[in-house]
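Here the sequence shown is numbered in the working numbering, starting from 311 and rising by one per residue.
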Amino acid sequence: MIRIAAIAVAGVALGVLIGAEVPIALVCVALWVTVGVVGWAVVVSDQVSASAISPVLIVAGLGLIYGTIVPVALASAEETFLLGVDYRPWFWTASAICALAVVAFIVGYALAAPRQGVAVPVERAVVDQSQGANLSGSLIDRVAKVLALVAGMLILYRFARYGVGGWAIRLGDDRSAESGVTAYVTYAPQYLGGLLLYLFYQVRSTAVRRLCGALIFLLAFYFFATGVRYLVITMLCAVALLQYWRKRGRLLPPARSLLAVLVGGGVVLGVGGYLRTVSQYGATAVGIRESAARSFDVFLPLAGLVPYTGENGYLFGTSYTYLVYQVVPRSVWPAKPYPPTVTAIGGYTALQEGRAFPVWGEMFLNFGWIGVAVGMAMFGYGVRRLMLYWLRNRLRFVTLDVLAAISVPLLLQWTSRGLFVQLVYNTMGLIVGVLAVFALERRLVRLAARREVGSHAVLVAPREAG
């Protein structure tokens, strides 16, 4: 029933946008009403969608903030200018783009629902009782520790050769960019962070778990000091989820927990942005509250995309194909071009301000309204399929809990900072070590299952022969 309703809503929304000539303000209002109706239908139909780890609540909540609260605040404060151009005439269009993105995401999420419901184990089974955990007590944990040691050595190499890079905001100078360091070295702290989360969740030794927890918070401070504020939020939320699953014995934290994430995230963004401004410009004109508000302002650059694409045309996927070029280190290819998305946003903003638009902004930049509708529907569908795989297999593979704990808060960054290539690299930096551990765990579990089937066949065969 939900699938039929989702398809119908998607068809009506696209029909209004493409075929009807109505005021954009009316389209915007209709789309936001659709967000409420479709979002409510999905949330009440599924336990996961009504909890704090709900992708629907996360994406819809941020979309609502970016598409309604932020533009109202900007208009009331008359902060609607970029490089001297007033983008207020395109506010209704930008808000409608946000609403369409949220609707498409929810529709895609709903379409990925299984025909037969998945039983969600609300009560968390003890970790050591799972098949994967029994195996991970030896070989898998040792491999994870070795990988963490390698990542730690890579971090030390980076610090020794290129400088600490903003430690305690102004302690050192990050010379890595000028020295041509490859991103594969730059992301060493992320490699270590993901592996530490696995060890924090899985190791049996209390002392090792405490050490991993301390190192996680040390890394979070480093991310905060170097200005990577969304990684701070991701690391802390991942620790909170893993600790909740371990201590509370329940899988789904209440949806009200998202309010704490919103407040805590706002504090991190505000304080971090304020300190970064002070370190760069030595001025305190921008307070913590204003810095937090600017961190949520991905709407104004989105509004700027509307006239920009009207004058310069769409990219038609070239910003996504840049992922192929990004694999080549700039130290090997000094003349490597910059991502088309950066070039586009530099056409109407000051790049030193670090402006960004939501992930659906890049979809609009490439393919317009159709790109937002199709792209966000695919995004929602993919997220739901990954969550279903986690729910079905989490008691077999312990590593899936760690991947989920990292991926759920990463939705905040994916929704907020729409530069696809950078998002892919940030994500892979955090999960690549855990993915390697998961591949080993899955291999060992499947080998154990085959041996068990083989031994059972040996026992049954003589009985059948007799």
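Beta carbons: idealized from backbone N, C-alpha and C, even for Gly.
Tell me whether residue i is buried or exposed, calling it buried when 16 or more other Cβ atoms sit within 10 Å of its Cβ.
i: residue 704; result: buried
i: residue 566; result: exposed
i: residue 727; result: buried
i: residue 542; result: buried
i: residue 379; result: exposed
i: residue 643; result: exposed
i: residue 530; result: buried
i: residue 634; result: exposed
i: residue 645; result: exposed
i: residue 562; result: buried
i: residue 373; result: buried
i: residue 545; result: buried
i: residue 628; result: exposed
i: residue 577; result: exposed
i: residue 548; result: buried
i: residue 494; result: exposed
i: residue 637; result: exposed
i: residue 760; result: exposed
i: residue 451; result: buried
i: residue 490; result: Below a pLDDT of 50, predicted positions are generally treated as unreliable, and residue 490, at 42, falls in that range; the measurement from the model is reported next regardless. That one is exposed.
i: residue 612; result: buried
Would you give the residue range spanned by the alpha helix (DSSP H) that residue i belongs to?
i: residue 651; result: 650 to 655
i: residue 639; result: Per DSSP, residue 639 belongs to no alpha helix (DSSP H) and is neither H nor E.
i: residue 711; result: 709 to 726
i: residue 668; result: Counting along the chain, residue 668 falls outside any alpha helix (DSSP H), and DSSP gives it neither H nor E.
i: residue 509; result: 498 to 512
i: residue 386; result: 380 to 386
i: residue 405; result: 401 to 421
i: residue 556; result: 539 to 557
i: residue 608; result: Premise fails: residue 608 is in no alpha helix (DSSP H) and is neither H nor E.
i: residue 532; result: 516 to 535
i: residue 344; result: 334 to 353
Less than 6 Å between C-beta atoms, sequence neighbours within five positions excluded: which residues of the same chain meet that for residue i?
i: residue 762; result: none
i: residue 723; result: 540
i: residue 690; result: 415, 418 and 419
i: residue 398; result: 390
i: residue 632; result: 649 and 731
i: residue 462; result: 502
i: residue 487; result: Here the model assigns residue 487 a pLDDT of 40, short of 50, so the residue's position is not dependable and the matter cannot be decided.
When DSSP builds the beta bridges, which residues end up paired with residue i?
i: residue 395; result: 392
i: residue 361; result: 564
Enumerate in chain order the residues of its own chain whose CB-to-CB distance from residue i is below 7 Å, with the five nearest sequence positions on each side excluded.
i: residue 453; result: 747 and 750
i: residue 516; result: none
i: residue 615; result: 667, 671, 674 and 675
i: residue 341; result: 323, 406, 409, 410 and 413
Considering only residues of the same chain and omitting the five flanking positions on each side of residue i, which have a CB-CB separation below 8 Å?
i: residue 682; result: 407, 410, 411, 414, 670, 673 and 674
i: residue 305; result: Because the chain is modelled from 311 through 776, residue 305 falls outside the range shown and cannot be assessed.
i: residue 552; result: 507, 510, 511, 711, 712 and 715
i: residue 345; result: 370, 373, 374, 409, 412, 413 and 416
i: residue 465; result: 498, 499 and 502
Pick out whichever of the options has its Cα sitting closest to the Cα of residue i.
i: residue 725; options: 370, 353, 363 and 575; result: 370
i: residue 456; options: 333, 630, 508 and 423; result: 508
i: residue 739; options: 692, 757 and 720; result: 720
i: residue 362; options: 730, 572 and 707; result: 572
i: residue 500; options: 538, 521, 512 and 384; result: 538
i: residue 382; options: 469, 547, 610 and 353; result: 610
i: residue 731; options: 368, 450, 662 and 651; result: 651
i: residue 603; options: 352, 335, 387 and 339; result: 387
i: residue 709; options: 505, 471 and 458; result: 505
i: residue 365; options: 636, 398, 696 and 519; result: 696
i: residue 425; options: 554, 606, 356 and 717; result: 356
i: residue 626; options: 654, 550, 335 and 392; result: 654
i: residue 698; options: 347, 384, 422 and 403; result: 422
i: residue 742; options: 753, 759, 729 and 717; result: 717
i: residue 693; options: 347, 338, 354 and 359; result: 359
i: residue 468; options: 451, 458, 497 and 352; result: 497
i: residue 608; options: 664, 624, 583 and 554; result: 664
i: residue 662; options: 466, 523, 393 and 534; result: 393
i: residue 754; options: 677, 707 and 550; result: 707
i: residue 377; options: 684, 744 and 338; result: 338
i: residue 677; options: 647, 702, 384 and 630; result: 630
i: residue 580; options: 606, 564 and 556; result: 606
i: residue 395; options: 684, 680, 519 and 659; result: 659
Is there a C-beta anywhere in chain D that falls below 8 Å from the one on residue i?
i: residue 744; result: Looking for chain D here will not work: only one protein chain is present.
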